[in-house]
Amino acid sequence: MYRTSRITLLAIAAAVLTLALSSVATAGPLQATAGVRDANAIESPLLEKLNATRRSHGLPALRRSGALARAAADHARAMGQRGFFSHSSADGTSAAARIRRYYRGSAVGETILWRSPDIGAAQAISTWLNSPPHRAILLSRGYRDVGFAAVRVENAGGAYGNRSVTIIVADFGAR
Numbered sequence: 000m001y002r003t004s005r006i007t008l009l010a011i012a013a014a015v016l017t018l019a020l021s022s023v024a025t026a027g028p029l030q031a032t033a034g035v036r037d038a039n040a041i042e043s044p045l046l047e048k049l050n051a052t053r054r055s056h057g058l059p060a061l062r063r064s065g066a067l068a069r070a071a072a073d074h075a076r077a078m079g080q081r082g083f084f085s086h087s088s089a090d091g092t093s094a095a096a097r098i099r100r101y102y103r104g105s106a107v108g109e110t111i112l113w114r115s116p117d118i119g120a121a122q123a124i125s126t127w128l129n130s131p132p133h134r135a136i137l138l139s140r141g142y143r144d145v146g147f148a149a150v151r152v153e154n155a156g157g158a159y160g161n162r163s164v165t166i167i168v169a170d171f172g173a174r
């Protein structure tokens, strides 16, 4: 009886392991990647709304930076593909170190947000302004450049609970 129970337990363990591995293979990054698409239409309105807000506070307008936009886009896509939401990269790299791979500046900063299913430029800026740490970044005199990226993810896993979401990243810098 002991031998039969052990064989049965081994068979059950093998079946569970096979199911677990097949679900990892089908629910991993490849599945999420297929649902990630750029939502670039919001980027110009974001810059317009942010600069209007800065002008109303007596601050200079920020310039669009291609390098910061690439840093933001890569991070937004990674979060959508891998189902995490953090300033740090999935591998633990800090936001500052990640941004500096693209942009050589004396100062860098970042704001991120996500909403389900969509968010507009005015709502994004308002959301950030209502958060003291994000407000400080948006209204900092120290930044001169900005890059925005937005992605739309259908059935985003992980932190997004399998919802359709829009993820926005704004990376800031000064040379």
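As numbered in numbering that gives the first Met the number 0, residues 0 to 174 make up the sequence shown, in order. Backbone N, C-alpha and C fix where the C-beta goes; we use that ideal spot for every residue, glycine too.
Cβ distance (whole Å) where residue i is taken to contact residue j below 8 Å
i: A106; j: Y159; result: At roughly 30 Å, the Cβ-Cβ gap does not stay under 8 Å, so A106 and Y159 are not in contact.
i: G119; j: I41; result: 7 Å
i: V145; j: S55; result: About 17 Å; that fails the 8 Å criterion.
i: L138; j: R53; result: 7 Å
Limits of the beta strand (DSSP E) - the one that residue i falls within
i: S163; result: R162 to A173
Residues of its chain near residue i, where Cβ-Cβ distance is below 7 Å and the 5 sequence neighbours each way are ignored
i: G104; result: G172, A173 and R174
i: K48; result: A120, A121 and I124
i: F83; result: A89, G157 and A158
Among the options, nearest to residue i - alpha-carbon criterion
i: A70; options: A149, A51 and L49; result: A149
i: N154; options: L46, R140 and S115; result: S115
i: I136; options: S43, P44 and L58; result: L58
i: T126; options: S43, G91 and A169; result: A169
i: A77; options: A60, A66, R97 and S43; result: R97
Extent of the continuous alpha helix (DSSP H) to which residue i belongs
i: D73; result: G65 to R81
i: S55; result: E42 to S55
i: P131; result: P131 to L137
i: S125; result: A120 to L128
i: R99; result: A94 to R99
Residue i - partner residues in DSSP beta bridges
i: A148; result: V168
i: G108; result: F171
i: R62; result: D144
i: W113; result: I166
6 Å CB neighbourhood of residue i in its chain, flanking five on each side removed
i: A94; result: H86 and E109
i: I166; result: A75, M78, G79, W113 and V150
Contact with chain D by residue i, beta-carbon distance below 8 Å
i: A121; result: Looking at the structure shown, chain D is missing, and only one protein chain is on hand.
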